[in-house]
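Engineer: Chains as they are written, first to last, in this note's numbering: chain L, 3 to 193; chain U, 3 to 193. Below is one structure. I have some questions about it.
Pasting the structure below:
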């Protein structure tokens, strides 16, 4: 059993909380009113849109030392939906890891729409969470929580692969916004 | 009916040729011995590994003017499988388009393993070819060939989205090489 803090009360945060609790782990949810509160979880999911990450760091950054911190963001230019706003040779997750040198930062959940987390399936496939990170124990911890909650997990490699995960999330979002894919679908993993 | 030239005789070229002909279009296949031959197809698929693209351009570049040219490559560093060898803010397809200003360059087939083209399915899903390009007519022409051959096609947007398609292809290859995904699987599109 793992204790998980989820910062963010939107649809992604709610869907991830349901996965965590249905797998027997415990959840603490923190919203904007909880600025300054030190998250109690061993795993802290930053379930906020990319533009809110800086404020989350300001509010909670000191309390993230020693924890597994999960970045779920897709750092799109939400005005144009035509580019990412992070440097082309980096990622939101890499920037977060640089800002949190005492945390184990993972990239996960950015390629799974909320509906596919809530329903545990994408079409006829089990929903698969791709997890990138540099710490094998941290990845295994999150994978265990995810799998206990009824999803599949795949180790997507080092945190440097967050760049590709963010490209995948970007592509998937542009296709959904453009009506080419439904918000209940997207890229499923066929293992 | 479309006449398609396929440059390259490997598994990807063979699988694409089968898709084309089973849909009622015609195929000419060109191998290394055909250097200097002007491709006769209205659509020319460069079904070669990324490191061979430069030689293909040297051999056939002049004959590609006015044609729809399809880049299927994944420009990986095949020694490390840890990065792409094109600039982070560009793509193999963008470089190809710059080298072929009189052609309509499309990115396609780089996210579908050969087995999923040959079998028309990825797991329980129909195999979907993601097509990026700046010319709508060119994309529609290729989509028609692909769909007649028993696959699905999705318009993935402008040629600038080739960067994300190449990231997706890269990620999928690293997962397959690492044993995390089978060569008959990968990322399926759930529409």
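In this text, a Cβ means the ideal position worked out from N, Cα and C, and glycines have one as well.
(1) Since residue 75/L meets chain U, which of its residues come closer than 8 Å, beta carbon to beta carbon?
(2) Determine the DSSP secondary structure at residue 180/L, reduced to helix, strand or coil.
(3) Closer than 9 Å by beta-carbon distance: list the chain B residues that pair up with residue 184/L, in chain order.
(4) Which of helix, strand or coil does DSSP assign to residue 125/L?
(5) Whole-angstrom Cβ separation of residue 72/L and residue 47/L, contact assumed at under 8 Å?
(6) Alpha carbon to alpha carbon, what distance is there between residue 10/U and residue 24/U?
(7) Counting only Cβ pairs nearer than 9 Å, list the residues of chain U close to residue 93/L.
(8) So that I know if they touch, is there some Cβ in chain L lying closer than 8 Å to that of residue 125/U?
(9) So, at 7 Å on beta carbons, what are the nonlocal neighbours of residue 148/U in its own chain, with the 5 sequence-adjacent residues on each side left out?
(10) Please list the residues of the stretch 149-168 of chain U that have a C-beta atom closer than 9 Å to any C-beta atom in chain L, keeping them in chain order.
(11) Run down chain L in chain order and give the residues with a C-beta less than 7 Å from the C-beta of residue 176/U.
(12) In the DSSP assignment, find the unbroken alpha helix (DSSP H) run with residue 144/L in it and report its ends.
(13) Starting from residue 170/U, find everything on chain L with Cβ-Cβ shorter than 8 Å and list it in chain order.
(14) With 8 Å as the threshold, decide whether the Cβ of residue 100/U is near any Cβ in chain L.
(15) Count the other CB atoms, across all protein chains shown, that sit within 10 Å of the CB of residue 45/U; report buried if there are 16 or more and exposed otherwise.
(16) From which residue to which residue does the alpha helix (DSSP H) around residue 15/L run?
(17) Could you name the residues of the stretch 22-46 of chain U whose beta carbon sits closer than 8 Å to any beta carbon of chain L, in the order they occur along the chain?
(18) Report the CB separation of residue 14/L from residue 74/L in whole angstroms; it is logged as a contact under 8 Å.
(19) Give me, in chain order, the residues of the same chain whose beta-carbon lies closer than 7 Å to that of residue 80/U; leave out the 5 immediate sequence neighbours on both sides.
(20) On the DSSP bridge assignment, give the partners of residue 109/U in chain order.
(21) In terms of alpha-carbon separation, which member of 68/L, 29/L and 51/L lies closest to residue 12/L?
(22) Within its chain, find whatever has a CB closer than 8 Å to the CB of residue 41/L; leave out the 5 residues flanking it on each side and keep chain order.
(23) For the beta strand (DSSP E) containing residue 98/L, name the first residue and the last one.
(24) Since residue 90/L meets chain U, which of its residues come closer than 9 Å, beta carbon to beta carbon?
(25) Rounding to the nearest angstrom, what Cα-Cα distance links residue 171/U and residue 113/U in this structure?
(26) Would residue 159/L and residue 176/U qualify as a contact pair, given that the criterion is a beta-carbon distance under 8 Å?
(27) So, under 8 Å CB-CB, residue 185/L and residue 111/L are touching, yes? Tell me the CB distance rounded to an integer number of Å.
(28) Measuring only the C-alpha atoms, how far is residue 105/U from residue 96/U?
Structural biologist: Let me spell this out:
(1) Under the 8 Å cutoff, chain U gives no residues; its nearest Cβ is about 16 Å from residue 75/L.
(2) coil
(3) This model lacks chain B altogether, as its protein chains are L and U.
(4) coil
(5) 4 Å
(6) 19 Å
(7) What residue 93/L touches in chain U: nothing, since even the nearest Cβ is about 11 Å away.
(8) yes
(9) 21, 131 and 155
(10) 156, 157, 158, 159, 160, 162, 163, 165, 166, 167 and 168
(11) 159
(12) 138-150
(13) 166, 169, 170, 173 and 189
(14) no
(15) buried
(16) 13-24
(17) none
(18) 6 Å
(19) none
(20) 73/U and 134/U
(21) 51/L
(22) 7, 9, 30, 32, 62, 65, 66 and 69
(23) Run containing residue 98/L: none in the beta strand (DSSP E); it sits in the alpha helix (DSSP H), 94-101.
(24) 89, 90, 91, 92 and 165
(25) 5 Å
(26) yes
(27) 15 Å between Cβ atoms; not a contact.
(28) 12 Å
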